[in-house]
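First up is the structure itself, then whatever we jot down about it.
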Amino acid sequence: MEIRFEHVTKNYGEVVAVADLNLEVQAGELVVLLGPTGCGKTTILRMLAGLEAVTSGEIYLGERVITHLSPRARDFAMVFQSYALYPHMSVAENLAYPLRVRHWRQDQIAATVKQVAARLELTSLLARRPRELSGGERQRVALGRAIIRNPNAFLLDEPLSNIDAKLRLQMRMELKHLQHSLGVTTLYVTHDQAEALTLAHRVAVLQKGVLQQLGEPMAIYHRPANLFVAGFVGSPPMNLVEGSVDFSAAAFTARDLRVPLPEALLTAARQAARVTLGVRPERVRLARQAETGWLAGRVYVCEATGNETLVSFRAGEHRLSARVPGTQRYDFEEAVWFTFDPAHLHLFDAATGQALP
Amino acid sequence: MAETQESVHGELGRADRRLALLLLAPAVLVLFTLSAYPLFYSIRLSLTTPTGAWTPGHFQRIFSDRLFGTALLQTFLYTAGALALELALGLLLALLLNRSLAGRNLFRTLLLLPMLMPPVVAAVIWRLLYNPSFGLINGTLQSLGVDTSGLLWIAGQRTALASVILVDVWQWTPFMFLLLLAGLQSLPAEPYEAAQMDGATRWQVFRDITWPLLRPTVLVAVLLRLLDLLRVFDQIFILTEGGPGFATETASLYIYRNAFRFVNFHYGAALSFVLLAITTVVSLWLIRMLRGRTPAAERS
Amino acid sequence: MRRQAWVYLLLVAALLPTLLPIYWVVTISLKSVVDQFAVPPLWFRFAATGEHYRDIFFVRPFGRYLWNSGVVAAVATLLALVLGTAAAYALARLPMKRNWNRHLSFWILSTRMIPPIVTILPLFLLVRDVGLLNTRLALIVVYVGFTLPFVIWMMRGFFEEVPPELEEAALMDGSSRLRALRDIVLPLVAPGLAATAIFCLIIAWNEFLFALILTQTDTVMTLPVGIAGRVTQYEIKWGAMSAAGVLAMLPVFLFALAAQRYLVRGLSLGAVKG
Amino acid sequence: MLPGWLPKTDLVFLLLTLAVLLLGTCQPSPPVPQLTIAVNAGVEGDALKAAAADYEQRFGVRVQIVELPYANLFEKQLVDLLNRTGAYDVLMLDDPWMPRYAATGELTPLEPLFAQKALTGPDDDFLAPCLAVCRHPYGNGNLYALPYVGNSQLFFYRQDLFEKYGLAAPKTWAEVGRAARAILRGERKVYGYVMRAAQGNAVVADFMPLLWAFGGDVLDAQGNPVLNSPEAIAALQFMLELGQVSPPGYASFNADEVAAHLLQGTAAMSINWPAWIPAVDDPSKSRVVGKIGFSAVPGGKRAGVAAIGNWLLAIPRGSRRVELAFDFILWATNSEQMRISAERGNPPTRRSLFQNASLRAKYRSYPVQLHSLETSRPRPRTPLWNEIENVLGVYLSKANAGELGAEDALRQAHAQIIQILKRNP
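Protein chains in written order, with our numbering: chain A, 1252 to 1608; chain B, 5 to 304; chain C, 252 to 525; chain D, 3 to 427.
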């Protein structure tokens, strides 16, 4: 079932938690709500779940307005960040609870629990209580409780944030596969941009209750709509330098920096007085020898991760980072030369933050 | 099929509000019925003469009523003393029993016993225990070689108040203990595990984790006890009737005398409003003190 | 091991003064009058007599009092728990506008601040005017009113300690709020509920003043009034009073024993969260 | 329709349970007895209870006795009177309460009822002091009650110890003091005297005979307080002297502590009520069987005077069976019934019974009791007595607990009593 937010706003007293949200999730699609803590992403999920009242606007499930329905009438399944397993019930009872509430027959419940447990490799744990489970196991039970019935949508609230890094990568894959095989519309909340980019069909980036950009992961990465998205998505984040455009020289200038701009960007830059130049670390070229037009810098710190090496360096007063092949190494304070890939420069209006063009 | 019905019942906010109303209404109704009429009745009493004329005279009289002042002061001493002791002892016992321990159930049940004793019996039996000649306390002390000639307990001008406080502590520490234990047992385990990893000492664990987490329970326990202590009546009435020489007279006892023994319900009502006002102020202060610093329990 | 020993030592030190008066009441209920005041006190060796128990049961209608107290206390406790738990849940979990939850809570508590000495007369008139004087129902209603603030404040505290997500998870799983309350929240606050129930029962069981004023004949009078009657103008009927006291403690004690099961359960749950 | 969010089975179950329980609790009381009587729990109540059973058998009138604790009897009955509940047809009351009860105007005057039976009033076998407390105003006002139990204070002393130390039964308080000191010196474990000095009714009741013997009083004939008189101060000073030969902690003693000391043989003298007389010679209660003598309250400047403390039977106006109630109290106080009551341990209020040979054989104290009752005085007859008694009790207690000297205590009590009288002109 598709889900649609139309002009949805949520206020807590004076504070605006979500402002005029318009968002459509296609049937079977997995949309990730991405943003820092307090950006309103969890509030959106809870409003959709029916756990939080909407101040204004409407939420649709298919053609039906569900803005004021109770959670059970909406029939979504939700996985909480803390898993919210019922501590006084065994794993089997936890899994069975949604079915029991729906007055299923005992034998049907037992069969379904068995089936789901097998699918999530919980069969040997069925008799245990939640407190006797590891983090990953609890996570699987929470997931099992969601998929045991056929909900209108899955709502996942940071489901992976409480398990350790290694398990997280594995669960991420499991989740993606599971969602694909079940084909259920899914809304997924996270603050982890890697999770967002790997899982989502589309990502909605939020800040301070306002939707910043909605698009496929690669579009978000490669064509950030504004400074916030540019800075938030990507690790390490995009290099951002504020300055102005010298149209006579066809170049971006900031103190200590001078970067020639391609024609397209120059045209776009005419709309703004001050601009911010952005370039992803992997689009920064770095060398020990100078070439024409390259700029000088000094290495601040060099981090090798194996496959690639992250170099943080200073150019005048600016701190920039570059992603170079893992074979390269630099010393502290080593003098380096760098340049930006002209085809992958981003320009933003420094006043509004909007991407140019 | 329930679902179709569900969709009719409308707004979420409204549904919750309706549920809240439904859940609250019976309790509020009972309490309102039982408190509103007596309250208005007492207000009218406190402001009229026996013939029904309006008068502020009863309240004016309170200001020159030195005996009531003394009774109020003693009520505070009684309340503060009993509350402090009961909280300290109750907390200690709750902490002691909040662990796996052979015979824990037995200890817990036995420790509750004083609370079960009818207050009349408790007061009378303590009067007997305190008796300087036949009493078990002095008798035991004497057999241990203690000179008890000056130990008059409830008969001593100086020891009487402390002695009646002790009876209260004996009877009501179990209440604190029971409530705090229930509170302790529902505390989450993670902070403790974390603290153990951090190598905190027992005292640090108590101060930094147990106490802050337990504070809502402490608030409730202290508040409920406070209200009863400020109105203490039965046990003192039987133990000492307020004596010797007014040393254990409390506000409630004094109000009772005026209302029922001197048959001056008007003055009794006026006095009780003074006590009510003080109780309100003290409990508001206590709520602010204990709740104010707690991180808001509301969902983030 | 040494720590454990300390714990036991402290517990025994606490138990001694706790139990001594109770033991003394029991012995007095079994001693003849002449032995009750013996100096030095007779701890163990005295001729036990059942005369006081015979007195209260066969000479005085304590069986009747016991039954009345039982009915009144049980019904009042049950009603107070049902009404109070419902109200406490609403106050803890269903936030109303403008801090009304807090104001209402305080008002509820404030009904317990008025000295009973003052409310007794108007309540007597109220009960008389609705024709409930000298009925157990009147006592039940009054005791429900007495214990409600306790139940509401205690249970509100316990409810607030249950993580809201657990309840929300139940809502998402398809429960109604009330069903989530029954299936998820109430089992989790069972220790608190047990403690509250014990407490209510004790209040209703031992209440004296209102029982005295609102009842008029033996058919509805309760145990505490009967016990107080053993403190006469000239003497205290120590034996009868102690026998009645022992008798009065027994049912509540048995109830507390039964409720123990739920008191421990909280601990075995361990972490409620996650 | 039930809203969908209510689990229906639960609700139905809950409602059913409550309905059953509630129905069980408001079932109508069993058939209403024809007379309901509120009595003081204790020996007086027990006697009346036995009498009621006899009455029921003989006349077919059901009489239900409700025993109420003495400590709360006053307010219980007063609330009933003031609100005319009609719950009780007969009240048993302590005589000092009479002015207060009568002042409510809610007691039935008995003279018209006597007249209906063509009687002029209670017969003259009743002792005058006992009938006087049944009238309001005292002595010659309307008759509101009939006296059922004829208590007055008596002096208890250990005859065996008095003989041992060659002492005669004390006639004056000075002799009491001397004897007490002698006995305390001689017997290490027997205190010379013991008294009720607990704040409230107790200390006042034990102070009154001293006050009267020393020539003092609380109020004079005009109703003015005279507690600051030298006589009153001397009386209190003497009370404090007695305190020094009393057991430690006597300042908190009530009747049962006093009795315990007497019966356990650890005190030699005391003023007490006759209710304890049967216990004195009962080996299951007493360690001093046959050793205690009784005499009239000692005198001093004036002859010894005991305080009267009768239990009276009165009929509230609210009663719906006034005539039936009157028949009952008339019957209960007749000579034969009162004899039976006396057999059950209650002192009578009739002269003939005090002189009855078989009763005299049973109670060796009867001659003394008769004398004591005939010469007894009531505590001051004013509706304000409770308030005055309270103030006096507080200051007497302060003096006995050692907080105030005799003069200070009485001067302050005096000032407070003036305030009380001023407030209630």
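We put the beta carbon where it would ideally sit given N, CA and C, even for glycine.
Practice task
Measure the C-alpha to C-alpha separation of C/L383 and C/A389 and round it to an integer number of angstroms.
Solution key: 6 Å
Problem - Beta-carbon contacts of A/L1302 that lie in its chain and below 8 Å, excluding the five residues immediately before and after - result: P1322
Problem - As assigned by DSSP and simplified to three states, the class of C/M364 - result: C/M364 falls in the coil class under three-state DSSP.
Exercise for the section: Excluding the 5 residues preceding and the 5 following B/A251 in the sequence, name in chain order all residues of the same chain whose CB lies nearer than 7 Å to its CB. Expected result: In its chain, beyond the 5 residues on either side, Q161, A164 and L165 have a beta carbon closer than 7 Å to the beta carbon of B/A251.
Problem - Cβ-Cβ distance between B/A40 and C/V369 below 9 Å - result: no
Practice task
Taking only beta-carbon positions, decide if D/L93 is within less than 9 Å of chain B.
Solution key: no
Exercise for the section: Locate the alpha helix (DSSP H) running through A/E1493, then write down its first and last residues. Expected result: Premise fails: A/E1493 lies in the beta strand (DSSP E), N1490 to D1497, not in any alpha helix (DSSP H).
Problem - Cβ-based burial, D/E69 [other Cβ within 10 Å; buried from 16] - result: buried
Handout entry: Below-9 Å beta-carbon distance, D/P385 vs any chain B residue
Key = yes
Problem - Residue from D/Q201, D/A170, D/D258 and D/D222 whose Cα sits closest to the Cα of C/K488 - result: D/D258
Practice task
Taking A/M1469 as the reference, give the member of A/R1325, A/M1422, A/G1395 and A/L1448 with the closest Cα.
Solution key: A/L1448
Practice task
Let me know the secondary structure DSSP gives A/N1558 once reduced to three states.
Solution key: In the three-state reduction of the DSSP assignment, A/N1558 falls in the coil class, being assigned neither a helical nor a strand state.
Problem - Unbroken alpha helix (DSSP H) run spanning D/L38, endpoints - result: Note that residue 38 of chain D is Thr in the sequence shown, not Leu. Taken as a continuous stretch (DSSP letters only), D/T38 belongs to no alpha helix (DSSP H), being part of the beta strand (DSSP E) at L37 to N42.
Handout entry: Bridge partner(s) assigned by DSSP for A/C1553
Key = A/V1562
Practice task
State the DSSP-derived secondary structure class of D/L315, mapped to helix, strand or coil.
Solution key: In this structure, D/L315 counts as strand in the three-state DSSP scheme.
Handout entry: Residue closest to B/S256, alpha-carbon to alpha-carbon, out of B/G247, B/V267, B/N268 and B/I240
Key = B/I240
Problem - Interface flag, B/I242 vs chain D, CB-CB below 9 Å - result: yes
Problem - Backbone CA spacing between D/I67 and D/A55 [nearest angstrom] - result: Straight-line Cα distance between these residues: approximately 9 Å.
Exercise for the section: Return the CA-CA distance between D/D48 and B/L243, expressed in angstroms with no decimal places. Expected result: 26 Å
Practice task
Please confirm if the stretch 129-137 of chain B is in contact with the stretch 49-65 of chain B, defined as three or more CB-CB distances below 8 Å between the two stretches.
Solution key: no
Exercise for the section: Examine chain C for any beta-carbon lying closer than 9 Å to the beta-carbon of B/A24, and answer yes or no. Expected result: At least one CB atom of chain C sits nearer than 9 Å to the CB of B/A24.
Handout entry: For D/N388 and B/R265, the rounded distance between their alpha carbons
Key = 6 Å
Problem - Distance CB(B/A225)-CB(B/L184) smaller than 9 Å - result: yes
Practice task
Consider the Cβ of C/E411: report whether some Cβ of chain B lies at a distance smaller than 9 Å.
Solution key: At a cut-off of 9 Å between beta-carbon atoms, C/E411 makes contact with chain B.
Handout entry: Any C-beta of chain C under 9 Å from that of B/D202
Key = no
Exercise for the section: Let me know if D/N42 comes out buried or exposed under the rule of 16 or more other beta-carbons within 10 Å of its beta-carbon. Expected result: buried
Problem - DSSP-derived helix/strand/coil call for D/G123 - result: coil
Problem - Proximity of D/A171 and D/S297 at Cβ, strictly below 9 Å - result: Remark: C-beta atoms of D/A171 and D/S297 approach each other more closely than 9 Å.
Problem - Partners in chain C for A/A1304, counting only beta-carbon separations shorter than 9 Å - result: Per Cβ cutoff of 9 Å: no residues; A/A1304 is ~11 Å from chain C at best.
Exercise for the section: Identify whether D/K51 lies in helix, strand or coil by the three-state DSSP scheme. Expected result: helix
Problem - Proximal residues to C/L452 (C-beta, below 7 Å), its chain only, five neighbours per side dropped - result: A324, T328, V503 and F506
Handout entry: Check whether D/V92 and D/L37 have beta carbons under 9 Å apart
Key = yes
Problem - For A/A1315, the residue or residues it bridges with in DSSP - result: The sequence given here places Arg at residue 1315 of chain A; Ala does not occur at that position. A/R1315 pairs with A/L1312.
Handout entry: The alpha helix (DSSP H) enclosing C/L329, as first and last residue numbers
Key = F313 to R344
Practice task
Using alpha carbons as the reference points, say which of A/N1262, A/V1492 and A/G1544 lies closest to A/H1569.
Solution key: Among A/N1262, A/V1492 and A/G1544, the Cα nearest to that of A/H1569 is on A/V1492.
Practice task
Measure from the alpha carbon of D/N85 to the alpha carbon of each residue in C/F375, C/L270 and C/G425, then state which is nearest.
Solution key: C/F375
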